[in-house]
Each structure stands twice: as structure tokens, then as C-alpha cells.
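In the numbering used here, the protein residues as written are 72 to 267.
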């Protein structure tokens, strides 16, 4: 396979709907004509950012590239005047291998971050039960907890951490727990608003 090896384009994917629409415009293409490894129905891969993870049974793929310049003289482009790979073809690297068969279900693996705000838990003086509960809840909903941290009740620290997680696209969902009481240091809502 042309995509094999230890690099960011190990697997190529196309949406079944994109191929069908291209055929409806007169393209006479067969399975594999674009060099795709997987054709998946129900997903517009161009709507997902690089870094999105997909699962199929035990297989975990991470989206690494959207679109690809067709090589010079692409037969499909010569016949149609266009090709779907530059705009709709996506590539992924394999994070966990396995076997995929026709008919297997494909899922998005959303990433979650859990931040606990607690002066006492951040010093190790009490257990972080609320952070553990949040992890369990999102885990049951199919999220992978990719980041967890206990920080003191400090608004500036929280704002900076929220901005970092968002700006660097480290999580699809960020949960905070704690810091919502009546003391002066409980300012999670205000710190969150500064990050928005």
C-alpha cells in the first residue's frame, strides 16, 4: 500500500456520500479508484478538525490531513476536470491497529478534559471525588479523558488553562468541577467567562 509506513498518511478515507455525488456527476469510478483504504458512510470528514479520533472496533485512527494534491496527470481529473481527493480525501495515522470488516460501525472518539478547582485537593489534603465522578460520567458517554488536572481555586490559572486547552485543540469537551461556592476564591464561572 502506498500509504504504509510510520508517517501521518497511513490510511486514506473517503465518505461514501462524496463518492456517490461524484458518480452522479458522471464519474465512472470503482472502489479504490482514489487509492482510498476505507469508505465510510454517514461522515463528512471535511467537517472534522485534524486531530479528531475515530474508532472501529479495536481500531483507533487519528485524522492527520484533509485534502491532497492530485499527482500530475491524475486519470480521474483528466476525464472529469475535477477530483474529490484535493477537497474530500482525508488521511489518518493508526493509533491502535486491528481488523475492520465491511459493515463494521465507525465512531468519533471525542476527547474530554477534566479540571478540578480545589485549594485543599491541589495540596493533597483531600481526595478529588468530583473529578473522578466527572471522568466516569464522560467515559460512559464514549469520551476519552485525555487531560485531567487539579488546580487551586485561582481564576487566572483556570483562565490560562482553559485558553491553552482550547487554542491548542487538546479537547472537544472541557469540564470543570469546584470553585462555585461563596468564598472569595470560588470564581470558576467568572474565570471561565474570561476564557470565552
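We put the CB at the ideal spot given by N, CA and C, even for glycine.
Every value quoted in this text rests on a predicted model; they were computed, and no experiment measured them.
- Per the coordinates, the alpha-carbon of residue 186 lies some 13 Å from the alpha-carbon of residue 234.
- Taking one beta carbon from each stretch, the segment 232 to 251 and the segment 179 to 198 have 3 or more pairs nearer than 8 Å; the two touch.
- In this structure, residue 93 sits near residue 155, with a CB-CB distance shorter than 7 Å.
- The C-beta of residue 193 has 16 or more other C-beta atoms within 10 Å across all chains shown, which makes the residue buried.
- Residue pairing by DSSP places residue 221 opposite 187 in a beta bridge.
- DSSP links residue 137 through a beta bridge to 161.
- Straight through space, the alpha carbons of residue 141 and residue 82 are spaced by roughly 16 Å.
- Burial check for residue 158: the Cβ neighbour count within 10 Å stays below 16, so the residue is exposed.
- For residue 125, the three-state secondary structure derived from DSSP is strand.
- Within the same chain, Cβ atoms closer than 7 Å to the Cβ of residue 88 are found at 112, the five residues on either side in sequence being excluded.
- For residue 104, the closest of 228, 196 and 90 by C-alpha to C-alpha distance is 90.
- If you check the CB distance, residue 188 and residue 147 do not come in under 7 Å.
- Remark: three or more beta-carbon pairs, one from each stretch, lie closer than 8 Å, so the segment 164 to 178 and the segment 119 to 139 are flagged as touching.
- CA-to-CA, the gap between residue 205 and residue 213 works out to about 13 Å.
- Counting C-beta atoms within 10 angstroms of its own C-beta, residue 240 has fewer than 16 neighbours from the protein chains shown and is therefore classed as exposed.
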